[in-house]
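These notes are about the structure you will find just below.
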Amino acid sequence: SPWRATVLTLFPEMFPGPLGVSLAGRALAGGLWELEARDIRASATDRHRSVDDTPAGGGPGMVLRADVLAAAIDAAGIGPDRPKLLMSPRGRPLTQARVLELAKGPGPLIVCGRFEGVDQRVIDGRGLEEVSIGDYVLSGGEIAALALIDACVRLLPGVMGKEASGTEESFSDGLLEYPQYTRPQRFEGTPIPEILTSGDHAKVASWRREESEALTAARRPDLWARIPSKVPNRGGRQK
Ligand code: SAM
């Protein structure tokens, strides 16, 4: 069966949203992947259908109830082979390496938090892996889930036009991508770098490698420090 994302959310109408168009949307319509958005509120038990309550110990906002969320997770019937993720600013920052792993598997369950977050006991009790999409706070997990799913779906077999486009881009080799150019040949007085139109594939490849290294060293010293095979002073050019 195709790769599947099962999303638990209080706003199922936010899905597929932007994933219903372009590359991901065509692949969804073509059955290359599946999306199931399940309403957490359907697992509420009281007559007000409440899903949240005030935080124990006081403080602002509301917390998603453990009993309601656990029931929603259990009702989704997720097999043991599928990762169970919780979108959370406290999570491990999402990387292209984790995206690749997730894309290779059967597809995750993704819990979208709201309010001040979710009761810790459901995170522990259901073994949720907290995943962050960056060091900033969104109002809910839905946009984070859409970002994660988008990053996975474009790597699924048959989704991207040219298979190669996933292997040469930013992070695939631990580096940021080299600059890209296309026609017109001259734009506001600046031509495309001559080497790219030279037809010399080896020279193009080494130019791109050097540009990638220089960009990574200048913009992302954290990534640059993790490149094992780097040659001193290659990529040291200022950007
Ligand atoms: N009080 C929480 C904290 O300080 O960690 C923030 C809760 S946030 C307003 C509500 C929900 O949005 C979170 O439970 C999470 O699901 C989602 N969210 C917010 N920022 C996120 C991020 N950077 N990555 C992933 N999910 C995020």
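Each number in my numbering corresponds to the 1-based position in the sequence shown with 14 added.
From the three backbone atoms N, C-alpha and C, an ideal C-beta is built for every residue, glycine too.
Quiz item: Do you know whose CA, among A80, A51, P74 and A70, lies nearest S64's CA?
Solution: The residue labelled residue 64 in the question sits at position 50 within the sequence shown. The option with the nearest alpha carbon to S64 is A80.
Quiz item: Measuring CB to CB, does Y192 end up less than 7 Å from I206?
Solution: The residue given as residue 192 occupies position 178 in the sequence shown. The residue given as residue 206 occupies position 192 in the sequence shown. Contact: no.
Quiz prompt | Exposure label - D133; buried when at least 16 CB within 10 Å | solution = Here residue 133 is taken as the residue at index 119 of the sequence shown, counted from 1. D133 comes out buried.
Quiz item: Out of curiosity, what's the CA-to-CA distance linking L160 and L46?
Solution: Stepping through the sequence shown from its first residue, residue 160 is reached at position 146. Stepping through the sequence shown from its first residue, residue 46 is reached at position 32. For L160 and L46, the distance between alpha carbons rounds to 17 Å.
Self-check item: Span separating the alpha-carbon of A84 from that of L100
Solution: The residue given as residue 84 occupies position 70 in the sequence shown. The residue given as residue 100 occupies position 86 in the sequence shown. Their backbone Cα atoms lie some 12 Å apart in a straight line.
Quiz item: In the structure shown, what three-state DSSP assignment does G105 receive?
Solution: On the sequence shown, residue 105 is found 91 positions in, with the first residue counted as 1. G105 falls in the strand class under three-state DSSP.
Quiz prompt | Contact the stretch 213-226 vs the stretch 166-174: 3+ CB pairs below 8 Å | solution = No: fewer than three Cβ pairs fall under 8 Å.
Practice problem: Measure the C-alpha to C-alpha separation of A158 and S212 and round it to an integer number of angstroms. | Solution: As a first step, residue 158 must be located in the sequence shown, where it is residue number 144. As a first step, residue 212 must be located in the sequence shown, where it is residue number 198. The alpha-carbon atoms of A158 and S212 are separated by roughly 42 Å.
Quiz item: What did DSSP end up calling D236 once you bin it into helix, strand or coil?
Solution: As a first step, residue 236 is located in the sequence shown; it is residue number 222 there, counting from the start. Here D236 sits in helix by DSSP.
Quiz item: If we count Cβ pairs, one from each stretch, closer than 8 Å, do we get three or more for the stretch 106-115 versus the stretch 141-158?
Solution: At 8 Å Cβ cutoff, the stretches touch.
Quiz item: In angstroms, rounded to a whole number, what distance separates the CA positions of G249 and E202?
Solution: As a working note, residue 249 is residue 235 in the sequence shown. As a working note, residue 202 is residue 188 in the sequence shown. Note that G249 scores 46 on pLDDT, short of 50, meaning its location in the model is unreliable; the coordinates nonetheless yield the value given after this. Straight-line measurement puts the Cα of E202 at about 28 Å from the Cα of G249.
Exercise. Please confirm if the stretch 58-74 is in contact with the stretch 34-42, defined as three or more CB-CB distances below 8 Å between the two stretches.
Key: Flag = no, the stretch 58-74 and the stretch 34-42 do not touch.
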